[in-house]
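Enquirer: Starting off with a structure, shown below.
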Amino acid sequence: MTKVFTLLHRRSGWSGAQFSEYWATIHKEHALDLAREGFFTGYIQNHLISDLRASGWPAADGIPEIWTPTADSLAELAASELYQQGAAKDEPNFTSGKIVSYVGDEGPERVLGVLSCPTPGIRHLLFAHADSQRQFGQITGILEQCNQGRAADVYSISHAAGERAQGVLCSGFWDDVKAAQQGVSVLASLLLQLPGVRPLNAGLYKSMVIVRPQCDQRVT
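To convert, count from 1 in the sequence shown and add 5; that's this note's numbering.
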């Protein structure tokens with residue numbers, strides 16, 4: 006099983022609310038078509054609630070999180086007629102067109118347990134680029150020293166386009182925006198002090214399960 010995270014930015018002139026509404030309704034139907042055909046077996050939409058304010062970290066307006074059967078499945082999905090005639094054509098209707106995907110290694114997936122709760126809370130998603138295994142170790146060392154919220158997951162990630170870029174993605178849940186802003190801002194600030202570490206994304210999100218991993222059951 007391979008996990009893929011994609012950074013989406015809203016279309017020029019659109020508000021965050023317009024982006025989220027379109028993604029959660031019209032575009033979601035294209036994703037469900039792909040899920041029914043077996044291109045992926047799990048799908049979560051992460052909708053931006055807040056960036057980290059003047060932190061120097063960019064924040065995507067939305068981050069789809071999908072589980073694919075194999076690493077090759079993503080390329081097969083992108084090349085499929087169903088994707089090209091459906092989701093791909095629809096993406097310019099609500100995104101900027103700048104879409105970057107990262108493949109994550111298999112992790113403990115604590116996120117799934119939290120999202121089964123009635124009130125999962127606010128989720129942070131922070132992506133950091135690293136040039137070497139040594140930097141990867143430095144990043145994970147900082148993560149271990151910081152408050153990462155509840156049900157923290159950490160993944161090593163690589164660029165889905167096959168580039169050599171690698172990095173770390175960390176995820177965790179918080180009870181409110183203020184606590185999340187404080188905790189994640191400390192973490193983000195410490196990571197920026199590491200030489201060669203580049204900020205890719207940091208924001209606070211509302212996570213919505215659309216297709217539960219390893220099944221095609223739609224969640225309403």
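Cβ atoms here follow ideal geometry from the backbone N, Cα and C, with glycine treated the same way. Remember, it's a predicted structure, so these values are computed and weren't measured experimentally.
1. Determine the closest residue to Ala157 out of Gly118, Gly177, Pro123, with distance taken between C-alpha atoms.
2. What does DSSP give as the partner residues of Leu130 in its beta bridges?
3. When burial is assigned at 16 or more other CB atoms within 10 Å of the CB, is Ser17 buried or exposed?
4. So Ala29 and Gln50 are supposed to be a Cβ contact under 8 angstroms. How far apart are they, rounded?
5. Let's see if you can read the secondary structure: which residues bound the beta strand (DSSP E) around Ser55?
6. Exposed or buried, Pro204, counting other C-beta atoms within 10 Å across all chains shown (16 or more means buried)?
7. Can you list, in chain order, the residues of its chain whose CB lies under 7 angstroms from that of Gly172, leaving out five sequence neighbours each side?
8. Quick check on DSSP: helix, strand or coil for Thr145?
9. Quick check on the burial criterion: 16 or more other C-beta atoms within 10 angstroms. Buried or exposed for Pro69?
10. Report the option in Leu39, Gly61, Ser137, Gln153 whose CA atom is closest to the CA atom of Glu86.
11. Please state the DSSP three-state secondary structure of Val159.
12. Is it right to say Cys175 is buried, meaning 16 or more other beta carbons lie within 10 angstroms of its own, or is it exposed?
Expert: The relevant details are as follows:
1. Taking the first residue of the sequence shown as position 1, residue 157 is located at position 152. Answer by Cα proximity: Gly177.
2. The count along the sequence shown starts at 1 and reaches residue 130 at position 125. In DSSP, Leu130 forms a bridge with Ser176, Gly208.
3. The residue you call residue 17 lines up with position 12 of the sequence shown. Looking at its Cβ environment, which holds fewer than 16 other Cβ atoms inside 10 Å, Ser17 is exposed.
4. Within the sequence shown, residue 29 is the residue found at index 24, counting from 1. Within the sequence shown, residue 50 is the residue found at index 45, counting from 1. Contact between Ala29 and Gln50 holds, since their C-beta atoms are separated by about 6 angstroms, short of 8 angstroms.
5. In the sequence shown, residue 55 corresponds to position 50, counting from 1. Per DSSP, Ser55 belongs to the beta strand (DSSP E) from 47-56.
6. Residue numbering aside, residue 204 sits at position 199 when the sequence shown is read from its first letter. Buried, because 16 or more other Cβ atoms sit within 10 Å of the Cβ of Pro204.
7. Here residue 172 corresponds to residue number 167 of the sequence shown, with the count starting at 1. So the list reads Phe132, Ala133, His134, Ala135, Ile162, Leu205, once near-sequence residues are dropped.
8. Here residue 145 is taken as the residue at index 140 of the sequence shown, counted from 1. It is helical.
9. By one-based count along the sequence shown, residue 69 stands at place 64. It is buried - the Cβ of Pro69 has at least 16 other Cβ atoms within 10 Å.
10. Here residue 86 refers to the residue found at position 81 when the sequence shown is read from its first residue. Of the listed residues, the one whose Cα sits closest to Glu86 is Leu39.
11. Translated into the one-based positions of the sequence shown, residue 159 becomes position 154. Three-state DSSP puts Val159 in a strand.
12. Your numbering for residue 175 matches position 170 in the sequence shown. So Cys175 counts as buried.
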